[in-house]
Amino acid sequence: MRRPSALLVMDPAYYSVQFQEPQLRRLHELVELTDPIVTNDLDTPHVRSRLREVEVLITSWGCPQLTTERLADAPLLRAIFHCAGTVRTFVTEEVWRREILVTNAADANAVPVAEFTLAAVILAGKKAPFLAQDARRHRDDWSYVSRRGELTNRGRTIGVVGFSRTGRRVVERLRALEVDILVADPYADPDEVSAAGARLVALTDLLPLCDVLTLHVPSLPSTRHLIGAAELALLRDGATVINTARGAVLDTAALERECVRGRLDAILDVTDPEPLPATSPLYDLPNVMITPHVAGSLGSETRRMSESALDELERYLTGRPPLAAVTADEFTVSA
12 MRRPSALLVM DPAYYSVQFQ EPQLRRLHEL VELTDPIVTN DLDTPHVRSR LREVEVLITS
72 WGCPQLTTER LADAPLLRAI FHCAGTVRTF VTEEVWRREI LVTNAADANA VPVAEFTLAA
132 VILAGKKAPF LAQDARRHRD DWSYVSRRGE LTNRGRTIGV VGFSRTGRRV VERLRALEVD
192 ILVADPYADP DEVSAAGARL VALTDLLPLC DVLTLHVPSL PSTRHLIGAA ELALLRDGAT
252 VINTARGAVL DTAALERECV RGRLDAILDV TDPEPLPATS PLYDLPNVMI TPHVAGSLGS
312 ETRRMSESAL DELERYLTGR PPLAAVTADE FTVSA
């Protein structure tokens, strides 16, 4: 198998986490690497000279934008293998014009997000995050437990907005529970949703039926505030909104109003803006749990993404089609 010249383009801090001994050993078996092996600056004379011989870029968080000027220094570039999710931050029209292969590791990143979401759904059914807040104030009397309604997951209705990579995995994991799973997604195939164990319905039909609403759509102009005041108003009293997707798909001000009233609960791993202003009432509400964007790949989980990119690299070198190619057309409907 031939070994083309490659360059890793990412923040060195992510490189040290994502490429440890097993990944580095495999990387050296697949490609030729010379100095520098990794960089996040494509504009130095040394790196510009290095780019002239590169056929493959392996990218991750911290990759600078691949502008026309920068790509002019890489006439032999044929493929970009991204060790993270979205490539929107650095892939430009020039990449598509030159028909450079682009893959990402979004499928691998969906795994921990789905795991986190399943945990959030289970905790929401028991109202555990909110009871934990109550316990701080009611230290000598557990009678407050009755104020949170029925504490159960059995027979709940879970609404999944977005049958995306993560949404599919959430549905699959929810099947371990005795719940009714509804999906809202205008692009989803009803048969595929049914095969996964859920039922496809319109968003306006899904919302009034939900005990838990979990969001799994990309951040696009068309999805900004997809869940706004009108949509939140359709949710039943005591429902929990979970957001592990992107903050902008949920109208923060509208959610604040509902949570301040105590009508809805929320588990938010992403917010808009991120982080929220220090003055946001959501921080102090006992019916809101906020985590600092930790659902996605972190630590050893990021090496799952590196291994996915290396799998794609090996497929490229052996003449097999990619499994996770990204196209210009997909930018209109995915992250």
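Residue numbers (this note's numbering): 12 to 346.
Cβ coordinates follow ideal geometry from the N, Cα and C atoms, glycine included.
In this text the structure is predicted, and so the values were computed from the model without any measurement.
On the three-state DSSP scale, how would you describe residue i?
i	result
V281	coil
A116	coil
A83	helix
V132	helix
L88	coil
G258	helix
T263	helix
L245	helix
E66	coil
A306	coil
V299	strand
S319	helix
T338	coil
A289	coil
E161	coil
S233	helix
D52	coil
A125	helix
V20	strand
H149	coil
L77	coil
T313	helix
V223	strand
E40	helix
V252	strand
V172	strand
Anyone know if the C-beta pair for residue i and residue j falls short of 7 Å?
i	j	result
V363	C74	This structure cannot settle anything about residue 363, because the visible part of the chain is limited to 12 through 346.
A195	L217	yes
L77	T103	yes
V42	P86	no
L82	E66	no
T128	V181	yes
A146	T251	no
V212	V260	no
L226	A256	yes
N352	D276	With the chain running from 12 to 346 in the structure shown, residue 352 is simply not present.
N164	I133	yes
I169	V223	yes
G249	G160	yes
A130	G96	no
By Cβ distance below 6 Å, which residues in the same chain neighbour residue i in space, the five residues on each side in sequence not counted?
i	result
T114	F92, E323, P333, A335, A336
R89	E66
G178	V171, H227
L53	P75, R81
G258	V281, T282, D283, E285
Please list, in chain order, all residues of the same chain as residue i whose beta carbon is under 7 Å from its beta carbon, the five residues on each side excluded.
i	result
A265	G239, A240, L243
G307	N120, P123, V124
V98	V113, N115, V337
V156	L142
D84	R59, L62, R63
I111	L88, R89, A90, I91
T329	M12
E325	L41
E312	P123
Among the residues of its own chain, which have a CB less than 8 Å from the CB of residue i, if the five just before and after it don't count?
i	result
Q34	R314, S317, E318, L321
L287	T263, L293, Y294, I301
F101	T70, C74, P75, Q76, L77
Which word fits residue i, buried or exposed, when buried means at least 16 other C-beta atoms lie within 10 angstroms of its C-beta?
i	result
E269	buried
Q31	exposed
T338	exposed
T283	Residue identity check: residue 283 is Asp in the sequence provided, not Thr. Burial call: buried.
W153	exposed
P140	buried
R108	exposed
V58	buried
A24	exposed
Y327	buried
A199	buried
T234	buried
R167	buried
G310	exposed
L162	exposed
Can you tell me whether residue i sits near the ligand GDP, meaning its C-beta is under 6 Å from at least one heavy atom of the ligand?
i	result
S157	The ligand GDP is absent from the structure shown, which contains no ligand whatsoever.
Which full runs of the beta strand (DSSP E) of 3+ residues lie inside the region 175-221, going along the chain? DSSP runs (the beta strand (DSSP E)) wholly in the region 175-221: 191-195.
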